Amino acid sequence: MIFAGFDPLVDEGPGGTTGYVDGFLIPVAPDQKDAFFDLARRAAPVFLEHGATRVVEAWGDDLPDGKVTDFNRATKVTDGEKVVFAWIEWPSKEVRDAGQAKVMADARMQDPGTVPFDGKRMIFGGFLPILDQ
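The sequence shown lines up with residues 47 to 179 when you count with the numbering used here.
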């Protein structure tokens, strides 16, 4: 089990019943925090317009070292990087699949400028909720 505490930088959308979740772990250098926040803040409305019900981006605050692995090792942090834990809530996987395609085609997502993190070390995946209370 990996556990940690995160400070939300972006929490957009009303939320609601979640039928599908995209989850992300992203290593970000401390001097890129503001640039990451700006990118996340610009992207969140695009996801919401295309069917997401909530977008959360949270800055690592309490990430203890594990015995076998942890958030820092999983993303191979270096030079004081912090891990961002992010998720996007969708009403269903079908809405997510259609919404993701629209997000990727949206002109606002075509030129993000300089990406303030190493995308090769980003971890992401889709999840079916088993408990949402």
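Cβ coordinates follow ideal geometry from the N, Cα and C atoms, glycine included.
No experiment lies behind these values; they were computed from the predicted model shown.
Sequence-distant residues of its chain with Cβ nearer than 6 Å to residue i (five each side left out)
i    : result
H96  : G145, K148 and V149
P60  : none
D152 : V92
Where the alpha helix (DSSP H) through residue i begins and ends
i   : result
V92 : K79 to E95
A98 : Here A98 belongs to no alpha helix (DSSP H), and DSSP marks it neither H nor E.
Cβ shell of residue i (< 7 Å), same chain only, five flanking positions each side left out
i    : result
V102 : P54, V56, D57, A132 and W133
D107 : G51, F52 and D53
P162 : V74, Q78, A81, F82 and L85
Where the beta strand (DSSP E) containing residue i begins and where it ends
i    : result
F163 : It is not in any beta strand (DSSP E) - F163 carries neither H nor E in the DSSP assignment.
A147 : Careful: A147 lies outside any beta strand (DSSP E), inside the alpha helix (DSSP H) at K139 to A151.
A132 : K128 to W136
CA-to-CA distance, residue j to residue i, given in whole angstroms
i    : j    : result
N118 : F173 : 21 Å
T63  : V92  : 20 Å
K122 : P137 : 32 Å
D111 : A90  : 30 Å
G171 : P76  : 24 Å
Beta-bridge partners of residue i, as assigned by DSSP
i   : result
G69 : W133 and G171
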